[in-house]
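Residue numbers (this note's numbering): 63 to 260.
Virtual Cβ for every residue (Gly too), placed ideally from N, Cα, C.
Here the structure is a predicted model, which is why all the values come from computation and not from measurement.
Right, one structure below, let's go through it.
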């Protein structure tokens, strides 16, 4: 994250997203594939890190190998052609003020209930409780139902989930570098991939 100063002089916390250039590598149609979508590729890599099947796929589109392939469902058959390059200006051409950002949140491994669900813990260290400060406490199941109900909040794997942040305000666009600066944070670590939905 970074920050920029707004017109009113306030410091706005922001995230810089590199959004392109993306290349159209496949156009799916209802007649041929059963659904309409466009496949975009991003982030160049060398041919030695690409399988032969993907090499042929990119050559058919007339582009160099890319690292990330994503499909967006919509009927773009008449608007786009194979090999077309999509830049920030194309994405936000009609003056979009807000975007939705989809990404994978940072993985935090196995976490207990205090970190994962903000439990307060069991309490003081009196009455022999010397090692239960960050424990979940009673689960509430005894002879009936003799099991733990699904969805019970317990310790477990935290993070590394698909997260969608809605309505992030577009603060600034730098078209020569394909950069979008949005207000607030986006899911994932630095350098991770995100999807923008305008």
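Quick check: what's the CA-CA separation for residue i versus residue j?
i	j	result
residue 169	residue 232	27 Å
residue 39	residue 101	Since the first residue of the chain shown is 63 and the last is 260, residue 39 is not available in this structure.
residue 225	residue 189	43 Å
residue 255	residue 165	7 Å
residue 241	residue 79	6 Å
Any idea if residue i is buried or exposed, counting beta-carbon neighbours within 10 angstroms, 16 or more meaning buried?
i	result
residue 120	buried
residue 140	exposed
residue 81	buried
residue 107	exposed
residue 236	exposed
residue 195	exposed
residue 163	buried
residue 95	exposed
Helix, strand or coil for residue i per DSSP?
i	result
residue 70	coil
residue 202	coil
residue 146	coil
residue 165	strand
residue 153	helix
residue 127	coil
Which residues does DSSP list as the beta-bridge partners of residue i?
i	result
residue 220	171
residue 133	101
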